[in-house]
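Here's the structure, in structure tokens; my notes come after.
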Amino acid sequence: MIRSITVIFYAFLLSWACWAKPNGSKSKKPKQVVPDIECDVRAGKINLPEFIAKCPAHCKETKQQVYGTGVFASISSICNAAIHSGVITNAGGKVIVRKMAGQNVYKGSNSNGVRSLSLPKWRESFVVSVGKPKKGVIYPSTLDYAPSRPTYVKTGPKDTKLAVLTTLPPTTAPEATTTTPEPTTTTAPTTTTTTTTPPPPPTTTKARAAVHKIRDAGE
């Protein structure tokens, strides 16, 4: 009788252990780690086709440039594009970024306090959505940043030309200062020396008067 009870007890323990293991494995789910980014991070700087990131607060005040509406050029600020789309507010938050092919035209607009600019064409685009991953989807916990490239030179050649033009006026300014001392040494005072010529006529008149007097005395 006692043996049968112990056998039943051990059988119950084994069945309970087998039932508890699957539940324990289900409870251990990988936790999504969301990396932080700065307001000036652009989608083109990250070498991932799709990722999640967390934007800080007050990115709107930084006025980082955004190109497009809904679909943005990859040179746009991720955080300001998310604010423009209404995915997050100026308080920051999580954003899912998904890259796509480039567009021929990016139309600018003003939305949620962020003004986006128009762009004729760019090689890569991206869209943003609320930072809530789907079930079973785990995004990378770290972001792979691409090496910095001077893309701003290609997108804004006008700006670089303006910068060169602004450097030219300072070079001409010293030339103007060197020419100013020359007018100060004017030769106008030399003309006053011509006024000294009138005195000779009175001397001749006196001589003539003296001659007349001599003649009168002779007479």
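UniProt numbering puts the first residue of the sequence shown at 1, with every later residue one more than the last. Glycine residues also receive a C-beta, built at the ideal position from the N, C-alpha and C atoms. For clarity, every value in this text was computed on a predicted model and none was experimentally measured.
For this session: Name the two residues that bound the continuous alpha helix (DSSP H) containing residue 73.
Result: If you number the sequence shown from 1, residue 73 lands on position 73. Here residue 73 belongs to no alpha helix (DSSP H); instead the beta strand (DSSP E) covers 71–73.
For this session: Could you have a look at residue 44 and say whether DSSP puts it in helix, strand or coil?
Result: Translated into the one-based positions of the sequence shown, residue 44 becomes position 44. Helix.
Problem set entry | Rounded straight-line distance, which links the Cα of residue 60 to that of residue 112 | Along the sequence shown, one-based indexing puts residue 112 at 112. Along the sequence shown, one-based indexing puts residue 60 at 60. One C-alpha to the other measures close to 9 angstroms.
For this session: Tell me, to the nearest whole angstrom, how far the beta carbon of residue 67 is from that of residue 143; I am working on the premise that it is less than 8 angstroms.
Result: The residue given as residue 67 occupies position 67 in the sequence shown. The residue given as residue 143 occupies position 143 in the sequence shown. Between residue 143 and residue 67 the Cβ distance is about 21 angstroms, and since that is not below 8 angstroms, they are no contact.
Exercise. Which residue from 47, 117, 56 and 51 puts its Cα closest to that of residue 37?
Worked result: Position 37 of the sequence shown, counted from the first residue, corresponds to residue 37. Of the candidates 47, 117, 56 and 51, the one whose C-alpha sits nearest the C-alpha of residue 37 is 56.
Exercise. Residue 30 to residue 43, Cα distance in whole Å?
Worked result: What you label residue 30 is simply residue 30 of the sequence shown in a count that begins at 1. What you label residue 43 is simply residue 43 of the sequence shown in a count that begins at 1. Computed Cα separation, rounded: 26 angstroms.
Exercise. Any idea what DSSP makes of residue 89, helix, strand or coil?
Worked result: As a first step, residue 89 must be located in the sequence shown, where it is residue number 89. Three-state result, residue 89: strand.
For this session: With a 10 Å radius around its C-beta and 16 neighbouring C-beta atoms as the bar for buried, classify residue 58 as buried or exposed.
Result: The sequence position of residue 58 within the sequence shown is 58, counting from 1. The residue in question, residue 58, is exposed, as its Cβ has fewer than 16 Cβ neighbours within 10 Å.
Problem set entry | Own chain, CB closer than 6 angstroms to residue 107, minus 5 neighbours either side, in chain order | Your numbering for residue 107 matches position 107 in the sequence shown. So the qualifying residues of the chain are 69 and 118.
Problem set entry | Supposed contact pair residue 41 and residue 75 - C-beta distance, whole angstroms, cut 8 angstroms | Stepping through the sequence shown from its first residue, residue 75 is reached at position 75. Stepping through the sequence shown from its first residue, residue 41 is reached at position 41. Wrong, their Cβ atoms sit about 11 angstroms apart, outside the cutoff.
Problem set entry | Coil, strand or helix - residue 101 by DSSP | As a first step, residue 101 must be located in the sequence shown, where it is residue number 101. For residue 101, the secondary structure class from DSSP, reduced to helix, strand or coil, is strand.
Problem set entry | Check whether residue 87 and residue 127 have beta carbons under 7 angstroms apart | Taking the first residue of the sequence shown as position 1, residue 87 is located at position 87. Taking the first residue of the sequence shown as position 1, residue 127 is located at position 127. Going by C-beta atoms, residue 87 is not nearer than 7 angstroms to residue 127.
Exercise. For residue 62, which residues of its own chain have a beta-carbon under 6 angstroms away from its beta-carbon, when the five flanking residues on both sides are left out?
Worked result: Taking the first residue of the sequence shown as 1, we reach residue 62 at position 62. Setting aside the 5 residues that flank it on each side, residue 62 is surrounded in the same chain by 39, each with a C-beta closer than 6 angstroms to its C-beta; the list follows chain order.
Problem set entry | Simplified DSSP assignment, three categories, for residue 52 | By one-based count along the sequence shown, residue 52 stands at place 52. If DSSP states are grouped into helix, strand and coil, residue 52 belongs with the strands.
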